[in-house]
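A.B. asks: Residue numbers (my numbering), protein chains in the order written: chain A, 135 to 278; chain B, 41 to 435. Glycine included, C-beta positions come from ideal geometry on N, C-alpha and C. Here the structure is a predicted model, which is why all the values come from computation and not from measurement. Can you read through this structure? Questions will come right after.
Have a look at this one:
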């Protein structure tokens with residue numbers, strides 16, 4: 135399994151990493167059992183994502199996809215950010231190994247979870263706008 | 041890259057210069073088929089015979105012809121287990137006992153047999169990674185055909201009481217196999233003293249070439265043919281011999297055994313120093329018993345981070361290590377070995393295995409100890425899981 139240079143670049147020099155004080159929205163997806171947790175923080179001004187940051191527990195691809203997702207939504211309007219797909223994250227990273235595709239799904243969902251939290255804080259029901267946060271479709275752990 | 045430390049010797053080792061020199065003539069000038077009558081066939085026949093005798097002596101088998109050359113550890117395990125299963129089935133015995141943290145070459149072979157009507161009991165390995173002899177005693181039944189327990193674990197390096205376990209199996213007249221892939225060349229292995237019936241080993245784990253290994257089959261055990269064809273390996277495993285590989289195996293094993301006392305004293309020092317130092321890191325743990333352990337094996341978990349990121353960061357600093365076994369790296373589940381010793385998934389994800397060999401020095405250990413703590417800090421600083429662990433601690 136080999137990562138692209140872009141993945142390694144975003145893994146070694148992750149953009150927008152760290153906690154954010156007074157974030158307008160915070161979203162967290164994944165679970166420790168799967169080995170991936172992504173937490174996204176956003177600042178919103180006039181429907182524009184003015185700032186974004188992340189914290190991630192996970193593999194190289196989880197860190198790189200988080201980093202790339204923040205880059206792709208920074209400065210974008212909320213409707214634009216909602217268009218972000220896992221495919222776009224993957225393409226921006228010059229691809230991911232097949233077993234790591236779920237990381238890009240998680241990154242897409244983490245952005246949506248942060249937006250969902252933003253709407254909730256505004257007293258707006260997020261589901262009609264953001265949709266359901268489905269998390270990682272490939273993680274089907276049987277309940278013990 | 042200023043520094044390079046290969047610390048993944050449980051995955052594979054570098055071919056030794058001595059083994060390579062021994063192999064060379066058999067890759068070039070001595071190309072005869074050992075089955076041929078003429079003199080260049082006799083040369084290679086002699087080389088194979090000598091290697092077999094040498095290996096038998098180094099492992100203290102009673103006769104050279106108890107050693108059978110195969111393509112490696114997985115093949116040896118498959119042959120031993122499926123063969124013993126077939127012998128058992130002839131007498132209506134279709135129960136096999138093994139342990140929860142065997143190599144996949146054993147576990148997947150047992151799963152295959154389970155689908156074909158065999159019953160499998162996997163013994164617990166407890167938190168320390170050790171099988172309990174009394175639990176083997178309790179698991180044995182009248183229809184048990186085979187007990188197969190690995191000598192040393194490939195991930196956490198724990199060494200099982202093989203002699204005692206084999207004796208218990210024999211009291212019940214049950215065959216005993218051990219996957220000794222991680223043990224042979226690393227620690228003293230005396231087959232007659234152990235009393236095992238079948239023992240697998242692999243050359244590339246002790247600085248021999250890849251693609252060659254062996255199965256010890258005690259005299260009197262009539263294991264069914266593995267490969268049908270010519271008369272090679274007494275007709276049980278047909279196919280023209282891997283002569284350079286076999287010659288290289290004997291030379292590498294000889295060298296490993298010669299170096300063993302000096303090497304193991306050095307590796308134990310390196311191992312213990314690394315474990316002691318890294319245990320000072322908050323929420324770290326050693327996986328597996330510290331005493332009954334391969335001299336070159338370090339396996340630890342660091343809470344709140346994930347192993348693959350750790351490996352990538354180490355690789356950027358020139359240190360090659362592993363997290364779980366290399367065979368599990370393609371899957372998303374943490375290693376079955378770490379789960380078998382009772383670790384929760386999220387802790388098992390944060391594991392690191394360092395495995396050392398003849399090639400490693402104390403400077404390697406110092407370098408690892410210098411670069412690893414900052415990497416752990418960095419990964420934890422960006423981990424929401426670590427944040428949770430710390431904040432739940434403060435409450």
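With a threshold of 8 Å, are at least 3 pairs of Cβ atoms found where one atom belongs to the stretch 242-260 of chain B and the other to the stretch 282-293 of chain B?
C.D. replies: yes
A.B. asks: Should residue 275 of chain B go down as buried or exposed, given a rule of 16 or more other Cβ atoms within 10 Å for buried?
C.D. replies: Within the second chain, the letter at position 235 stands for residue 275 of chain B. Classification of residue 275 of chain B: exposed, given that the 10 Å Cβ count is below 16.
A.B. asks: Please list, in chain order, all residues of the same chain as residue 398 of chain B whose beta carbon is under 7 Å from its beta carbon, the five residues on each side excluded.
C.D. replies: For the purposes of this step, residue 398 of chain B is identified with residue 358 of the second chain, where counting begins at 1. Same-chain partners within the cutoff: 247, 299 and 303.
A.B. asks: Please list the terminal residues of the continuous alpha helix (DSSP H) segment that includes residue 347 of chain B.
C.D. replies: Counting from one through the second chain, the residue named residue 347 of chain B turns up at place 307. Start and end: 347-356.
A.B. asks: How many whole angstroms separate the CB atoms of residue 223 of chain A and residue 196 of chain A, which I take to be in contact at a CB cut-off of 8 Å?
C.D. replies: The residue given as residue 223 of chain A occupies position 89 in the first chain. The residue given as residue 196 of chain A occupies position 62 in the first chain. The beta-carbon separation of residue 223 of chain A and residue 196 of chain A, rounded to 11 Å, does not stay under the 8 Å limit for a contact.
A.B. asks: Answer with yes or no whether the minimum CB distance from residue 127 of chain A to chain B is below 8 Å.
C.D. replies: This structure cannot speak to residue 127 of chain A, because chain A is shown only from 135 to 278.
A.B. asks: Would residue 145 of chain A and residue 354 of chain B be called neighbours here (beta carbons separated by less than 8 Å)?
C.D. replies: The residue given as residue 145 of chain A occupies position 11 in the first chain. The residue given as residue 354 of chain B occupies position 314 in the second chain. No, these two residues do not count as a Cβ contact at 8 Å.
A.B. asks: Grab me the residues of residue 153 of chain B's own chain with a C-beta within less than 6 Å of its C-beta, minus the 5 sequence neighbours each way, in chain order.
C.D. replies: For the purposes of this step, residue 153 of chain B is taken as the residue at position 113 of the second chain. The answer, listed in chain order, is 125.
A.B. asks: Cβ atoms of residue 229 of chain B and residue 217 of chain B: under 8 Å apart, would you say?
C.D. replies: By 1-based counting over the second chain, the position of residue 217 of chain B is 177. By 1-based counting over the second chain, the position of residue 229 of chain B is 189. It is not a contact, given that the beta carbons lie outside the stated cut-off.
A.B. asks: Excluding sequence positions up to five away, which residues of its chain have a Cβ less than 6 Å from the Cβ of residue 80 of chain B?
C.D. replies: Start at 1 with the first residue of the second chain, and residue 80 of chain B comes out as number 40. These residues qualify, in order along the chain: 72.
A.B. asks: If you compare alpha carbons, which of B:400, B:197, B:56 and B:77 is closest to residue 339 of chain B?
C.D. replies: Within the second chain, the letter at position 299 stands for residue 339 of chain B. Cα-wise, what sits closest to residue 339 of chain B is B:197.
A.B. asks: In angstroms with no decimal places, state the Cα-to-Cα distance between residue 278 of chain B and residue 265 of chain B.
C.D. replies: For the purposes of this step, residue 278 of chain B is identified with residue 238 of the second chain, where counting begins at 1. For the purposes of this step, residue 265 of chain B is identified with residue 225 of the second chain, where counting begins at 1. So the two alpha carbons sit approximately 9 Å from each other.
A.B. asks: Assign residue 44 of chain B to one of two classes, buried (16 or more other C-beta atoms within 10 Å of its C-beta) or exposed (fewer than that).
C.D. replies: Here residue 44 of chain B is taken as the residue at index 4 of the second chain, counted from 1. Flag for residue 44 of chain B reads exposed.
A.B. asks: Just verifying my parser: in three-state terms, what is the DSSP assignment at residue 185 of chain B?
C.D. replies: The count along the second chain starts at 1 and reaches residue 185 of chain B at position 145. If DSSP states are grouped into helix, strand and coil, residue 185 of chain B belongs with the strands.
A.B. asks: Can you tell me whether DSSP reads residue 155 of chain A as helix, strand or coil?
C.D. replies: Residue numbering aside, residue 155 of chain A sits at position 21 when the first chain is read from its first letter. In the structure shown, residue 155 of chain A sits in coil (DSSP, three-state: anything other than H, G, I, E or B).
A.B. asks: On a Cα-Cα basis, can you pick out the residue from B:168, B:133 and B:62 that is closest to residue 214 of chain B?
C.D. replies: Translated into the one-based positions of the second chain, residue 214 of chain B becomes position 174. Closest option to residue 214 of chain B, Cα to Cα, is B:133.
A.B. asks: Residue 418 of chain B: which of B:361, B:407 and B:344 sits nearest, CA to CA?
C.D. replies: The count along the second chain starts at 1 and reaches residue 418 of chain B at position 378. With distances taken between Cα atoms, residue 418 of chain B lies closest to B:344.
A.B. asks: From the beta carbon of residue 169 of chain A, is the nearest beta carbon of chain B less than 8 Å away?
C.D. replies: Working through the first chain from its first residue, we reach residue 169 of chain A at position 35. For residue 169 of chain A, the answer is yes, since a Cβ of chain B falls inside 8 Å of its Cβ.
A.B. asks: Which residue or residues does DSSP assign as beta-bridge partners of residue 189 of chain A?
C.D. replies: For the purposes of this step, residue 189 of chain A is identified with residue 55 of the first chain, where counting begins at 1. The partner list for residue 189 of chain A (beta bridge, DSSP) reads A:173.
A.B. asks: Nearest by alpha-carbon distance to residue 242 of chain A: which of A:259, A:164 and A:178 is it?
C.D. replies: Counted from its first residue, the first chain places residue 242 of chain A at position 108. Among A:259, A:164 and A:178, the Cα nearest to that of residue 242 of chain A belongs to A:164.
A.B. asks: How about residue 426 of chain B: is its C-beta nearer than 8 Å to some C-beta of chain A?
C.D. replies: In the second chain, residue 426 of chain B corresponds to position 386, counting from 1. Yes, contact with chain A.
A.B. asks: Say whether chain A places a C-beta atom closer than 8 Å to the C-beta of residue 354 of chain B.
C.D. replies: Residue numbering aside, residue 354 of chain B sits at position 314 when the second chain is read from its first letter. No, because no Cβ of chain A sits closer than 8 Å to the Cβ of residue 354 of chain B.
A.B. asks: Following the continuous alpha helix (DSSP H) through residue 79 of chain B, name the residue where it begins and the one where it ends.
C.D. replies: In the second chain, the residue the question calls residue 79 of chain B occupies position 39. From DSSP, the alpha helix (DSSP H) with residue 79 of chain B extends over 79-98.
A.B. asks: Ends of the beta strand (DSSP E) at residue 261 of chain B?
C.D. replies: Translated into the one-based positions of the second chain, residue 261 of chain B becomes position 221. Element bounds for residue 261 of chain B: n/a, residue is neither H nor E.
A.B. asks: Would DSSP call residue 278 of chain A helix, strand or coil?
C.D. replies: Here residue 278 of chain A refers to the residue found at position 144 when the first chain is read from its first residue. Note that residue 278 of chain A scores 32 on pLDDT, short of 50, meaning its location in the model is unreliable; the coordinates nonetheless yield the value given after this. Residue state, collapsed to three classes: coil.
A.B. asks: Select from the stretch 337-362 of chain B all residues with a C-beta closer than 9 Å to any C-beta belonging to chain A, and list them in chain order.
C.D. replies: Taking 9 Å as the cut-off between beta carbons, the residues of the stretch 337-362 of chain B near chain A are 344, 345, 346, 347, 348, 349, 351, 352, 353 and 356, in sequence order.
A.B. asks: For chain A, is any of its Cβ atoms less than 8 Å away from the one on residue 423 of chain B?
C.D. replies: Taking the first residue of the second chain as 1, we reach residue 423 of chain B at position 383. Yes - at least one Cβ of chain A is within 8 Å of the one on residue 423 of chain B.
A.B. asks: Taking the CB atoms as reference points, tell me whether residue 103 of chain B and residue 97 of chain B lie closer together than 8 Å.
C.D. replies: The count along the second chain starts at 1 and reaches residue 103 of chain B at position 63. The count along the second chain starts at 1 and reaches residue 97 of chain B at position 57. Their beta carbons are not under 8 Å apart, which means residue 103 of chain B does not touch residue 97 of chain B by this criterion.
A.B. asks: Candidates B:181, B:142 and B:169: which alpha carbon is nearest residue 162 of chain B's?
C.D. replies: Here residue 162 of chain B is taken as the residue at index 122 of the second chain, counted from 1. The shortest C-alpha separation from residue 162 of chain B is found at B:142.
A.B. asks: Grab the span of the beta strand (DSSP E) containing residue 330 of chain B for me, first residue to last.
C.D. replies: The residue you call residue 330 of chain B lines up with position 290 of the second chain. That residue, residue 330 of chain B, is in no beta strand (DSSP E); it is neither H nor E in DSSP.
A.B. asks: Where does the unbroken alpha helix (DSSP H) through residue 421 of chain B begin, and where does it stop?
C.D. replies: Taking the second chain and counting its residues from 1, one reaches residue 421 of chain B at position 381. That run of the alpha helix (DSSP H) goes 402-421.
A.B. asks: Going along chain A, which residues have a C-beta under 8 Å from residue 389 of chain B?
C.D. replies: Here residue 389 of chain B is taken as the residue at index 349 of the second chain, counted from 1. Within chain A, the residues near residue 389 of chain B are 166 and 169.
A.B. asks: So if I threshold CB-CB distances at 9 Å, which residues from the stretch 372-386 of chain B count as touching chain A?
C.D. replies: 372, 373, 374, 384, 385 and 386
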